Every structure is written in structure tokens, then in C-alpha cells.
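Enquirer:
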Amino acid sequence: MPEIALTQQTIERFASRFPNRVAVLHSGLSAGERFDQWWKIREGDYDIVVGSRSAIFAPMPNLGLVVVDEEHEWTYKQQDSNPRYHARDVANKLAELTGAKVLLGSASPDVSTYYRSLAKQYGLLILPDRLIVSKNGKPTPAPLADVDIVDMRQELREGNRDMFSRQLDAEMQACLHAGNQMILFLNRRGTASQLQCRSCGHQMRCAKCDIALTYHRRTGRLICHYCGTRRRIPERCPQCLGYRLSYYGIGTQSVAEALEQRFPDTTVLRWDRDATRNIADYRELIEKFRTGEGQALVGTQMIAKGLHFPSVTLVGVVLADVGLSIPDHRAGERAFQLLCQVAGRAGRGERPGRVVIQTYQPDNYAIQASAAQDYQSFYHKEMAYRRERGNPPFNKLIRLLHTHINQTTCEEEARAVARTMADERDARGIGSIEILGPVPAYPARLRGRYRWHIVLRGPEPRALLDQVALPRDWHVDIDPVSLT
Numbered sequence: 078m079p080e081i082a083l084t085q086q087t088i089e090r091f092a093s094r095f096p097n098r099v100a101v102l103h104s105g106l107s108a109g110e111r112f113d114q115w116w117k118i119r120e121g122d123y124d125i126v127v128g129s130r131s132a133i134f135a136p137m138p139n140l141g142l143v144v145v146d147e148e149h150e151w152t153y154k155q156q157d158s159n160p161r162y163h164a165r166d167v168a169n170k171l172a173e174l175t176g177a178k179v180l181l182g183s184a185s186p187d188v189s190t191y192y193r194s195l196a197k198q199y200g201l202l203i204l205p206d207r208l209i210v211s212k213n214g215k216p217t218p219a220p221l222a223d224v225d226i227v228d229m230r231q232e233l234r235e236g237n238r239d240m241f242s243r244q245l246d247a248e249m250q251a252c253l254h255a256g257n258q259m260i261l262f263l264n265r266r267g268t269a270s271q272l273q274c275r276s277c278g279h280q281m282r283c284a285k286c287d288i289a290l291t292y293h294r295r296t297g298r299l300i301c302h303y304c305g306t307r308r309r310i311p312e313r314c315p316q317c318l319g320y321r322l323s324y325y326g327i328g329t330q331s332v333a334e335a336l337e338q339r340f341p342d343t344t345v346l347r348w349d350r351d352a353t354r355n356i357a358d359y360r361e362l363i364e365k366f367r368t369g370e371g372q373a374l375v376g377t378q379m380i381a382k383g384l385h386f387p388s389v390t391l392v393g394v395v396l397a398d399v400g401l402s403i404p405d406h407r408a409g410e411r412a413f414q415l416l417c418q419v420a421g422r423a424g425r426g427e428r429p430g431r432v433v434i435q436t437y438q439p440d441n442y443a444i445q446a447s448a449a450q451d452y453q454s455f456y457h458k459e460m461a462y463r464r465e466r467g468n469p470p471f472n473k474l475i476r477l478l479h480t481h482i483n484q485t486t487c488e489e490e491a492r493a494v495a496r497t498m499a500d501e502r503d504a505r506g507i508g509s510i511e512i513l514g515p516v517p518a519y520p521a522r523l524r525g526r527y528r529w530h531i532v533l534r535g536p537e538p539r540a541l542l543d544q545v546a547l548p549r550d551w552h553v554d555i556d557p558v559s560l561t
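Residue numbers (the working numbering): 78 to 561.
(1) Comparing alpha-carbon positions, which option in I260, D398 and G256 lies nearest D342?
(2) Buried or exposed for L102, please, with buried defined as at least 16 other CB atoms from any protein chain shown within 10 angstroms of its CB.
(3) Three or more C-beta pairs under 8 Å: does that hold for the region 280-295 against the region 516-525?
(4) With a 10 Å radius around its C-beta and 16 neighbouring C-beta atoms as the bar for buried, classify P138 as buried or exposed.
(5) May I ask you to report which of helix, strand or coil DSSP gives Q435?
(6) Please go through the region 143-222 and give each complete beta strand (DSSP E) segment of 3 or more residues, from N-terminal end onward.
(7) Could you spell out where the beta strand (DSSP E) holding E511 opens and where it closes?
(8) Considering only residues of the same chain and omitting the five flanking positions on each side of I327, which have a CB-CB separation below 6 Å?
(9) Would DSSP call I444 helix, strand or coil?
(10) Mind checking who H293 pairs with in its DSSP beta bridge?
(11) Quick check for students: name the residue ranges of the beta strand (DSSP E) that lie wholly in the region 343-375, counting only runs of 3 or more.
(12) Is the CB-CB distance between I475 and L533 below 9 Å?
(13) Here's the rule I'm using: 16 or more other beta-carbon atoms within 10 Å means buried, otherwise exposed. How should K117 be labelled?
(14) Three-state secondary structure (DSSP) at K473?
(15) At the level of alpha carbons, what is the spacing between E148 and E370?
(16) If you reduce the DSSP assignment to three classes, tell me which class A423 lands in.
(17) Which same chain residues end up closer than 7 Å to Y320 when comparing Cβ atoms and leaving out the 5 residues on each side of it in sequence?
(18) Please report the residue range of the beta strand (DSSP E) in which Q273 lies.
(19) How is the alpha helix (DSSP H) around H103 delimited, first residue to last?
(20) Whole angstroms is fine: what's the gap from N472's alpha carbon to A461's?
(21) Ordered along the chain, which non-local residues of its own chain (more than five positions away) have a Cβ less than 6 Å from that of Q258?
(22) My assumption, with CB atoms under 8 Å, is that L501 sits in contact with V545. Please give the rounded CB distance.
(23) Can you list, in chain order, the residues of its chain with a C-beta nearer than 8 Å to that of R360? Leave out the 5 residues immediately preceding and following it.
(24) Between the Cα of A335 and the Cα atoms of V494, G421, L374 and A177, which residue gives the shortest distance?
(25) Let me check understanding here. Comparing Cα to Cα, which of E427, E410 and I356 lies closest to D569?
(26) Contact defined as beta carbons within less than 8 Å: I believe A412 pairs with L396. What is the distance between those atoms, to the nearest angstrom?
(27) Is it right to say L142 is buried, meaning 16 or more other beta carbons lie within 10 angstroms of its own, or is it exposed?
(28) So is D440 buried or exposed if we call it buried at 16+ other beta carbons inside 10 Å?
(29) From the DSSP output, in three-state form, read off H457 for me.
(30) Name the two residues that bound the continuous beta strand (DSSP E) containing D554.
(31) Along the chain, where does the alpha helix (DSSP H) that runs through T497 open and close?
(32) Find out if the Cβ-Cβ distance for the pair T561, I403 is shorter than 9 Å.
(33) Can you give the Cα-Cα distance for L478 and R528, rounded to whole angstroms?
(34) Could you spell out where the alpha helix (DSSP H) holding H254 opens and where it closes?
(35) Taking C-alpha atoms, which residue in E490, I507 and L299 lies nearest to G514?
(36) Which one of S158, G182 and D157 has the shortest CA to CA distance from R165?
See the structure below:
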């Protein structure tokens with residue numbers, strides 16, 4: 078499973094079907110609990126292991142099947158420390174070593190995975206219909222929810238400056254009046270995404286990271302979502318000493334607060350890293366929503382993945398544009414997958430579902446395809462872009478990230494490595510490998526260290542990497558899931 082939070086519902090389903098035969102492995106367990114589960118798995122006490130990324134290393138004897146659910150999820154890649162492995166790749170290697178079968182499941186597969194299936198490297202099974210379990214216990218086809226795109230630019234032109242469009246507001250009222258539940262999705266935490274001076278334009282930024290601080294009203298602090306730095310709200314601009322400080326942007330806290338003001342009789346639950354910090358919090362929140370104690374659930378990407386709430390008939394995407402402008406070759410794919418996933422939370426019971434996607438980029442191909450829930454349309458458009466730029470699956474990528482406390486030194490050392498690589502490439506005549514950069518990474522500074530990176534792109538970029546000895550403070554990521 079891609080997230081610890083999703084394992085509980087999955088465990089309950091498997092445990093009811095296979096009592097006393099299901100083990101659980103994830104980082105939320107204590108060291109003692111993990112060892113106990115690991116030992117019992119090794120001794121053959123369990124037939125099934127359910128867990129997050131690290132569960133792929135469970136010492137299961139007589140392994141017959143590995144299921145990677147939501148295989149497109151970037152969280153299957155360990156990015157922050159060595160070894161930088163991808164659980165999907167480990168699953169394929171396990172199958173090669175043990176003869177087990179691997180099942181990669183997704184409603185919006187990684188385009189490279191789907192490309193390989195069309196190339197006959199993988200078998201391809203398509204489930205054309207969504208099924209629900211009806212009251213008589215039998216699987217019944219359930220149509221996908223109807224999806225509408227709302228152009229928020231037009232809302233502004235017509236005088237609506239609210240975070241909710243008129244259509245979403247009407248749909249929320251109808252949903253709650255009918256006694257149903259709804260989910261509002263915004264992939265940004267906090268109350269406001271930035272605090273800025275209207276006199277000089279100065280933006281309050283993290284002193285350790287090159288990133289804007291996010292305002293959290295409930296704590297009364299500006300918080301960096303990268304390093305956790307907290308600052309008090311300044312009374313005056315530190316740049317010009319003016320008093321015209323204004324908040325811009327929205328986050329899940331402000332969405333939840335707006336809902337509570339608009340629908341005071343509605344219990345609003347919030348699911349993000351600020352509101353749910355551990356497994357106990359996840360379980361409590363899921364149980365409250367499942368039993369109907371909460372009528373509205375507001376959250377980040379955590380609410381988009383694999384959850385099953387039959388009473389949810391409305392999903393509102395408050396701002397679909399979040400993440401589309403990040404300098405990453407997979408930004409469009411990630412946006413499409415997230416929107417498809419969250420749209421899939423509506424209409425999972427016997428009552429039909431509706432989805433409203435609010436955006437300032439209504440013509441974006443990822444938003445259009447997700448609204449139509451048309452994977453083929455997205456796939457062909459995305460592949461055309463990748464073919465034009467030479468990105469995976471048409472080439473392979475290796476990211477080399479350099480960090481240093483001194484900005485000038487970081488840049489100079491990155492440029493020196495790039496020159497060494499270019500000289501080695503030219504000397505060996507392997508012009509098929511591109512050296513992109515060096516350029517500042519995003520963000521350019523993180524936790525007090527400046528960041529520059531180089532990307533190697535080509536059919537086999539490791540051929541160049543193997544010949545160049547990197548100095549210290551360099552991190553190598555083969556087949557990166559993100560360039561940020």
C-alpha cells in the first residue's frame with residue numbers, strides 16, 4: 078500500500094476473509110512490534126502481509142503473489158535516504174528470484190508502466206467497470222461520478238471572489254440537505270500559502286529554505302512545510318517596516334473554516350499532516366467519517382487514495398492547479414492521477430456521485446482528461462510531450478543533487494562536476510547522453526543547505542556515471558520519480 082493510513086481498511090477486509098492469517102508491517106509500528114511481525118512471517122505463521130513500502134522486504138516463505146496497489150504512487154520510492162529503491166522494482170526483482178507473480182494495480186497507471194504493458198513486457202488486464210457490493214452482497218456495476226469543470230476566472234469576472242464557485246456551493250447545499258457526505262480536496266495545508274507586504278512586495282520566507290512560509294491560523298504561526306521552522310506573525314514588514322501585511326492563497330485549514338462558517342450545523346473533519354499525526358489519529362478520523370459523525374471531510378492528497386465511503390456523493394476539488402506549475406517532468410501526470418483518484422471517492426455506494434473541479438486552467442490537458450476520466454486521452458497527450466522532450470520511457474534519467482552550506486561553493490562544485498562529465502562523455506564518444514544543468518534545484522535551499530542538480534538523460538546514462546567519481550555531498554537518484 079502507498080500510505081500507512083490506507084492499510085487499516087485493507088487489513089480489516091483481509092482479516093475478515095482470512096482470520097488469523099494476516100500480518101501487518103509499516104513504519105508506524107514500534108521496533109518490538111515490527112520484530113514480532115517479522116519473526117512470525119519468517120516462521121510461516123502468516124500467509125498474507127499487508128503494509129506500506131518497507132513491507133516488500135518481508136521474509137515471506139513460499140512467496141506466490143506480490144500486489145502493488147496504486148502502483149503509480151511516488152511514495153513507493155524511497156527518496157530521502159539510501160538505498161533509494163522503488164518498491165515496484167523490488168517486487169519485480171522478487172518475482173524474478175522466486176517465481177512469484179506480480180500484480181500492479183491502478184486506475185491511472187504510471188505512463189511508463191502502461192507503455193511497457195503495450196510493449197508486451199507486462200501482461201495487461203483491464204477492468205472496464207467500477208463495481209460495488211450491493212445490499213444483497215453481490216457485486217454490481219457502479220457508474221463513475223459526473224464531473225464538471227468550473228472556470229474560476231469566469232467566477233472572478235462575474236464578481237464571485239469566494240473560494241467556492243456558485244456551482245460547488247449549490248452542490249454542497251444539496252448534498253448536505255439530502256443527508257449525504259462530501260469530500261473537499263485541496264493539496265495544500267495551512268490557512269494561507271503566504272504572507273506578503275503590500276507596500277514593498279516582501280514575502281515572508283523561511284530562513285533555512287528558499288520557500289514561502291505558510292500561515293496557520295490555529296497555531297498563530299508561520300510554518301515552513303519543508304523543515305518545520307516556526308515564526309511569529311510580524312507586526313511590521315521586516316524589509317520596509319510598513320504595516321500593510323496581507324495573506325494570500327488558501328489551504329485546508331481555511332477551507333475547513335469556511336465550511337464551518339457556511340454550514341454551522343455540519344461537522345467538518347480535516348485530514349492532513351497537521352490534523353492527523355499518527356495511526357491513532359488516522360483511525361479515529363476514518364471511524365468518525367465512516368459512522369457519519371462527520372458530514373464533510375477536507376484534506377490533502379491523503380484523502381484521495383483508496384478510501385471507501387459509500388455515503389459520499391459529492392467531491393469538490395477546491396483548486397486543481399496546485400502542483401501543475403512545479404518544474405517537474407511528471408507534474409501533469411501527478412495532477413491527472415490525483416484528480417482521478419479523488420473523483421473516484423464519489424458515488425461508491427448505491428447513490429450517484431458528482432464531482433466539481435475548480436481551476437484557473439480549464440484547458441489544461443491533465444484537468445480535461447481527469448474530468449472525462451479518460452486515461453487513454455491523457456496517456457497519448459503525455460506520451461507525445463515525453464517523446465518530444467526525450468523523457469522516460471523513451472530515455473532514462475539519473476539525477477545528481479549537490480548540497481552545500483555556501484551558495485557560491487555549491488554552484489562552483491556543481492559546474493566543475495558537469496564539466497568533468499562533459500569531458501568524459503566527449504572523450505568516450507557517447508553523445509547519446511545529455512547533461513542537463515547544472516541548475517538550482519527546487520527549492521534552491523533546504524534546511525540551510527543550497528542545492529544544485531544535474532540530470533543525465535539518455536538510453537543508458539549509467540555508462541557515464543560509472544566513469545566519474547563524485548565528490549562528497551552528492552546524492553545519486555537513478556530513475557527519479559521527481560526532480561524537485
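Backbone N, C-alpha and C fix where the C-beta goes; we use that ideal spot for every residue, glycine too.
Just so it is clear, the structure is predicted and the values come from calculations on it, not from any experiment.
Expert: Straight from the coordinates:
(1) In the sequence shown, residue 342 corresponds to position 265, counting from 1. Closest by alpha carbon: G256.
(2) Here residue 102 is taken as the residue at index 25 of the sequence shown, counted from 1. Buried is the call here.
(3) They touch, by the three-pair rule.
(4) As a working mapping, residue 138 is identified with position 61 in the sequence shown. It counts as exposed.
(5) For the purposes of this step, residue 435 is identified with residue 358 of the sequence shown, where counting begins at 1. The answer is strand: DSSP assigns Q435 an E or B state.
(6) Listed in chain order, the beta strand (DSSP E) elements of length 3 or more contained wholly in the region 143-222 are 178-182, 208-210 and 216-218.
(7) Here residue 511 is taken as the residue at index 434 of the sequence shown, counted from 1. E511 -> beta strand (DSSP E) spans E511 to L523.
(8) In the sequence shown, the residue the question calls residue 327 occupies position 250. So the list reads M240, once near-sequence residues are dropped.
(9) To locate residue 444, count along the sequence shown from 1; it is residue 367. Annotated three-state conformation of I444 is helix, per DSSP.
(10) In the sequence shown, residue 293 corresponds to position 216, counting from 1. For H293, which the question treats as bridged, DSSP gives the partners R298.
(11) Counting whole runs of 3 or more residues, the region 343-375 contains the beta strand (DSSP E) stretches 345-348.
(12) For this step, residue 475 is matched to residue 398 along the sequence shown. For this step, residue 533 is matched to residue 456 along the sequence shown. The answer is yes: Cβ separation under 9 Å.
(13) The count along the sequence shown starts at 1 and reaches residue 117 at position 40. It is exposed - the Cβ of K117 has fewer than 16 other Cβ atoms within 10 Å.
(14) Taking the first residue of the sequence shown as position 1, residue 473 is located at position 396. K473 falls in the strand class under three-state DSSP.
(15) Taking the first residue of the sequence shown as position 1, residue 148 is located at position 71. Taking the first residue of the sequence shown as position 1, residue 370 is located at position 293. Rounded to whole angstroms, E148 to E370 spans 32 Å at the Cα level.
(16) As a working mapping, residue 423 is identified with position 346 in the sequence shown. Coil, per DSSP.
(17) As a first step, residue 320 is located in the sequence shown; it is residue number 243 there, counting from the start. The residues R313, in chain order, have a CB closer than 7 Å to that of Y320 in the same chain once the five nearest residues on each side in sequence are set aside.
(18) Walking along the sequence shown from the start, residue 273 turns up at place 196. Q271 to C274 is the extent of the beta strand (DSSP E) around Q273.
(19) Here residue 103 corresponds to residue number 26 of the sequence shown, with the count starting at 1. Segment: none, H103 is in no alpha helix (DSSP H) and carries neither H nor E.
(20) As a working mapping, residue 472 is identified with position 395 in the sequence shown. As a working mapping, residue 461 is identified with position 384 in the sequence shown. Each residue's Cα considered, the two are about 14 Å apart.
(21) By one-based count along the sequence shown, residue 258 stands at place 181. The beta carbon of Q258 sits closer than 6 Å to the beta carbons of Q372, S388 and V389 from its chain, once the five residues preceding and following it are set aside; these are given in chain order.
(22) On the sequence shown, residue 501 is found 424 positions in, with the first residue counted as 1. On the sequence shown, residue 545 is found 468 positions in, with the first residue counted as 1. Here the sequence assigns Glu to residue 501, which means Leu is not the residue at that position. The Cβ separation is near 6 Å, so the contact holds.
(23) Sequence index remark: in the sequence shown, residue 360 carries index 283 (1-based). Excluding positions up to five away in sequence, the list reads Q85.
(24) To locate residue 335, count along the sequence shown from 1; it is residue 258. Ranking the options by Cα distance to A335, first place goes to L374.
(25) In this structure the chain extends from 78 to 561, so residue 569 is not present and cannot be described.
(26) Locating residue 412 in the sequence shown gives position 335, counting from the first residue. Locating residue 396 in the sequence shown gives position 319, counting from the first residue. Wrong, their Cβ atoms sit about 11 Å apart, outside the cutoff.
(27) Working through the sequence shown from its first residue, we reach residue 142 at position 65. L142 is exposed by the Cβ-count criterion.
(28) Locating residue 440 in the sequence shown gives position 363, where the first residue counts as 1. Exposed, by the Cβ-count rule.
(29) Counting from one through the sequence shown, the residue named residue 457 turns up at place 380. Collapsing the DSSP output to three states places H457 in a helix.
(30) Here residue 554 is taken as the residue at index 477 of the sequence shown, counted from 1. Looking at the DSSP string, the run of the beta strand (DSSP E) that includes D554 is W551 to I555.
(31) Residue 497 sits at position 420 when you count from the first residue of the sequence shown. Unbroken alpha helix (DSSP H) run through T497: Q484 to R505.
(32) In the sequence shown, the residue the question calls residue 561 occupies position 484. In the sequence shown, the residue the question calls residue 403 occupies position 326. With respect to I403, T561 sits close: the two C-beta atoms are nearer than 9 Å.
(33) In the sequence shown, counting from the first residue as 1, residue 478 sits at position 401. In the sequence shown, counting from the first residue as 1, residue 528 sits at position 451. When rounded, the distance between both Cα atoms is 7 Å.
(34) As a first step, residue 254 is located in the sequence shown; it is residue number 177 there, counting from the start. Taken as a continuous stretch (DSSP letters only), the alpha helix (DSSP H) holding H254 covers R243 to H254.
(35) For the purposes of this step, residue 514 is identified with residue 437 of the sequence shown, where counting begins at 1. Checked all of E490, I507 and L299; the closest Cα to G514 is E490.
(36) Your numbering for residue 165 matches position 88 in the sequence shown. Cα-wise, what sits closest to R165 is G182.
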